[in-house]
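Engineer: Handing you this structure, nothing more for now.
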Amino acid sequence: MSDKLQKAREYEAEYGGKIGALDRPLFHLTPYVGWMNDPNGFSYYKGKYHMFYQYYPYESRWNDMHWGHAVSSDLLTWEYLPASMAPDMPFDEGGCFSGSAVEISDGRQLLMYTGLQAGEKDGRKVHFQVQNIAIGDGLNYEKYENNPVIDKSMLPEGADDIDFRDPKVIRLKSGEYVCIVGSRPEDGSGQILMYKSADAIHWKYWKKLIENKNRYGKMWECPDFFELDGKWLLLTSPQDMLADGLEYHNGNGTVCVMGSFDENTGDFKEERNQAIDYGIDFYAPQTVLAPDGRRIMIGWLQNWDGCAVRDQGELWAGQMSVPREIWLQNGRLYQKPVKELENYRKDKVTADNLELSGEMTIPGVSGRCVDMEVVVRPKNPENIYHKFAVNFAEDEKRYSSVSFRPHEATLKVDRKYSGSRRAIVHQRRCLVEESKNGEIRLRIILDRFSAEVFVNDGAKVMSMGVYTDITADEISFYCDGEAVVDLVKYDIKASK
Ligand code: FRU
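Right under this line is the structure:
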């Protein structure tokens with residue numbers, strides 16, 4: 227093991243334990259210590275889910291990228307394993323960037339990742355982005371001596387040798403491995419390249435999977451590609467998006483492109499696309515196929531432009547989303563928290579046909595670790611209410627909210643009054659056309675420092691980080707007009 231990895235492991239063992247259990251989310255993964263961004267190598271291996279992540283243990287800000295590592299049997303209770311990689315080789319000296327994991331034929335686990343390799347271009351010192359592998363047993367990984375396995379000599383005409391990252395390895399029905407990688411073509415936007423291999427070690431360029439052609443942002447980062455309910459889905463996270471109605475917002479976004487894919491020719495026919503999450507904080511999602519056939523997705527519950535929402539002085543920064551089962555329904559991507567969350571539900575509170583006008587609290591409905599479903603309808607369908615809202619993480623001064631305006635068919639998440647002192651995005655809206663009649667179902671998942679709202683049984687999701695002091699734990703309801711509410715609320719607790 228290199229000194230650099232050894233040092234990271236010693237540091238995390240010493241300081242990780244200093245973070246109190248109540249200072250982290252209960253069931254959302256945070257870094258062992260320090261900084262976390264993208265999920266990496268999300269996989270099921272030797273009977274456990276593995277999650278690696280972009281990691282800088284020494285401070286709560288992005289820096290020299292390592293890979294952190296955690297395992298779980300149910301995707302909600304995670305056990306930290308020691309850091310799996312540090313940037314300690316000439317082919318990754320500028321950082322071990324994002325990538326994926328796959329089991330190879332001899333039963334070992336292969337990590338494929340982007341390395342920042344020092345080089346020179348036009349007389350300037352630069353880091354070329356190259357694709358490397360490391361092979362291991364689920365705990366320790368050895369970087370391959372012949373890295374990089376894909377370098378700039380294997381790029382197609384016009385593809386940039388600096389923006390070339392985030393390999394995701396998948397397996398075709400033929401047994402061949404395909405690696406898809408984000409790339410920047412000459413038009414300055416993004417594209418996804420495909421490489422092929424028989425053993426996941428020796429790679430050859432195959433073809434372009436898809437070109438952005440400056441439609442959705444610029445460079446496309448962190449691709450994932452898989453079959454789901456008869457279609458093929460490409461998930462990718464574009465940088466520098468322009469807002470497009472309420473579908474796509476500015477900055478770093480997420481896109482799901484659906485279509486058909488011919489595994490023999492490599493042709494992908496695009497059919498439609500949508501945002502993956504409509505909230506403030508969701509980026510770079512990866513999926514895993516669970517042993518029971520479910521496709522499960524986890525994203526980074528953070529946005530690059532909004533990192534200042536978290537105080538620099540904290541011992542950790544960055545968290546993952548709740549694991550979400552995804553499926554296709556009516557041509558759309560649907561999501562719901564994995565069913566394993568139900569094992570953590572305690573202290574059920576229900577309310578049926580509750581008439582709501584003005585402000586209201588409900589006995590037993592409070593807390594910061596909560597799974598709550600709220601079904602709202604107008605009291606009189608001829609006279610639809612104007613606004614319905616749920617406030618949470620609330621005390622006398624602070625709150626965050628999710629609110630619905632049926633006449634505009636817009637749902638909004640808002641953390642303006644959460645205690646943040648930064649001039650960054652604090653609210654975002656999405657369209658919920660099908661709820662124009664005032665009927666809407668919201669499943670709200672709170673886990674100390676986040677809120678994720680699943681709309682109409684998972685047709686849309688809005689996620690955001692909420693870093694209000696944990697003592698602010700009230701929940702209240704508000705209606706401008708008259709609504710009727712059914713509610714089921716559970717506390718989420720770790721103990722069985
Ligand atoms: C996305 C990203 C990746 C890159 C990593 C570096 O959030 O920019 O493209 O591999 O972060 O930490």
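Just add 226 to wherever you are in the sequence shown, counting from 1, and you've got this note's numbering. Heads up, the beta-carbon is just placed ideally off N, CA and C, and yes, glycines get one too. Here the structure is a predicted model, which means the values were calculated and not measured.
Within its chain, find whatever has a CB closer than 6 Å to the CB of Arg391; leave out the 5 residues flanking it on each side and keep chain order.
Structural biologist: Phe323, Thr340, Gln355 and Gly408
Engineer: To which residues of the same chain is Met586 closer than 6 Å at the C-beta, ignoring the five residues directly before and after it?
Structural biologist: Within the same chain, Met586 has close Cβ partners Phe703.
Engineer: Which first and last residues belong to the beta strand (DSSP E) in which Ala385 is found?
Structural biologist: Segment: none, Ala385 is in no beta strand (DSSP E) and carries neither H nor E.
Engineer: Just list the residues that DSSP pairs Glu599 with in beta bridges.
Structural biologist: Arg669 and Val714
Engineer: Quick one: does the C-beta of Asp392 sit closer than 6 Å to a heavy atom of ligand 1?
Structural biologist: Within the cutoff, so yes.
Engineer: What span of residues does the alpha helix (DSSP H) with Tyr237 cover, start to end?
Structural biologist: Asp229 to Gly242
Engineer: Below 8 Å, how does it come out for the segment 651-671 and the segment 680-697: are there three or more Cβ pairs, yes or no?
Structural biologist: yes
Engineer: Quick one: residues in its chain with C-beta nearer than 6 Å to the C-beta of Leu580, no 5 flanking neighbours on either side, listed in chain order?
Structural biologist: Val711
Engineer: CB-CB under 7 Å to Leu657, same chain, minus the five flanking residues each way: which ones, in chain order?
Structural biologist: Leu472, Ala635 and Thr636
Engineer: How about Phe253 and Asn266: are their beta carbons less than 7 Å apart?
Structural biologist: no
Engineer: Along the chain, where does the beta strand (DSSP E) that runs through Leu637 open and close?
Structural biologist: Thr636 to Asp640
Engineer: For ligand 1, is there any heavy atom lying closer than 6 Å to the beta carbon of Asn606?
Structural biologist: no
Engineer: When the Cβ atoms of the segment 477-492 are set against those of the segment 454-463, are three or more pairs found closer than 8 Å?
Structural biologist: yes
Engineer: Beta carbon of Ile330, beta carbon of Ala426: below 7 Å?
Structural biologist: yes
Engineer: Quick one: give me the first and last residue of the beta strand (DSSP E) that Ser486 is part of.
Structural biologist: Val481 to Phe487
Engineer: With Tyr625 and Phe618 assumed to form a contact (beta carbons below 8 Å), what rounded beta-carbon distance in angstroms separates them?
Structural biologist: Sure, about 7 Å apart at Cβ, within 8 Å.
Engineer: DSSP on Trp530, reduced to helix/strand/coil?
Structural biologist: Trp530 falls in the helix class under three-state DSSP.
Engineer: If we call anything under 7 Å between Cβ atoms a contact, is Gly684 one with Gln561?
Structural biologist: yes
Engineer: Please list the terminal residues of the continuous beta strand (DSSP E) segment that includes Lys726.
Structural biologist: Here the chain has residues from 227 to 722 only, and residue 726 is not among them.
Engineer: Measuring alpha carbon to alpha carbon, tell me which of Pro393, Gln545, Tyr282 and Pro251 ends up nearest Phe451.
Structural biologist: Pro393
Engineer: Run the CB neighbour count on Arg674, radius 10 Å, all protein chains shown included, and call it buried at 16 or more, exposed below.
Structural biologist: buried
Engineer: Flag this pair as yes or no: are the beta carbons of Gln280 and Asp290 separated by less than 7 Å?
Structural biologist: In this structure, Asp290 does not lie closer than 7 Å to Gln280 by Cβ.
Engineer: Short of 7 Å in beta carbon distance, which residues of its chain neighbour Ile245, apart from the five on each side in sequence? Order them along the chain.
Structural biologist: Annotation for Ile245: Val259, Leu541 and Trp542 place their beta carbon closer than 7 Å to its own, counting only its chain and skipping 5 residues before and after.
Engineer: Relative to the C-alpha of Lys574, which residue among Asp488, Asn358, Val596 and Lys230 is closest?
Structural biologist: Val596
Engineer: Using 6 Å as the cut-off, classify the Cβ of Asn358 as near or not near the heavy atoms of ligand 1, replying yes or no.
Structural biologist: no
Engineer: Go ahead and pull the three-state DSSP assignment for Gly684.
Structural biologist: helix
Engineer: Suppose you measure from the CA of Asn499 to the CA of Gly557; what does that come to, to the nearest Å?
Structural biologist: 10 Å
Engineer: Using DSSP with H/G/I as helix, E/B as strand and the rest coil, what is Leu342?
Structural biologist: strand
Engineer: What are the residues that DSSP puts in a beta bridge with Glu261?
Structural biologist: Here residue 261 turns out to be Trp, not Glu, going by the sequence shown. Paired residue(s): Tyr282 and Ala543.
Engineer: Among Leu381, Asp386 and Ala327, which one has its Cα closest to the Cα of Pro363?
Structural biologist: The sequence given here has Asp at residue 363, not Pro. Checked all of Leu381, Asp386 and Ala327; the closest Cα to Asp363 is Ala327.
Engineer: On the DSSP bridge assignment, give the partners of Phe452 in chain order.
Structural biologist: In DSSP, Phe452 forms a bridge with Leu459.
Engineer: Quick one, are the C-beta atoms of Lys422 and Glu402 less than 7 Å apart?
Structural biologist: yes
Engineer: Which partner residues does Pro604 have in the DSSP bridge list?
Structural biologist: Ala709
Engineer: Whole angstroms is fine: what's the gap from Ser661's alpha carbon to Arg631's?
Structural biologist: Straight-line Cα distance between these residues: approximately 9 Å.
Engineer: Please report how far the alpha carbon of Gly321 lies from the alpha carbon of Glu238, in whole angstroms.
Structural biologist: 18 Å
Engineer: Looking at ligand 2, does it come within less than 6 Å of Glu319, judged from the CB to the closest heavy atom?
Structural biologist: Inclusion of ligand 2 in the displayed structure is not the case, the ligand content consisting of ligand 1 alone.
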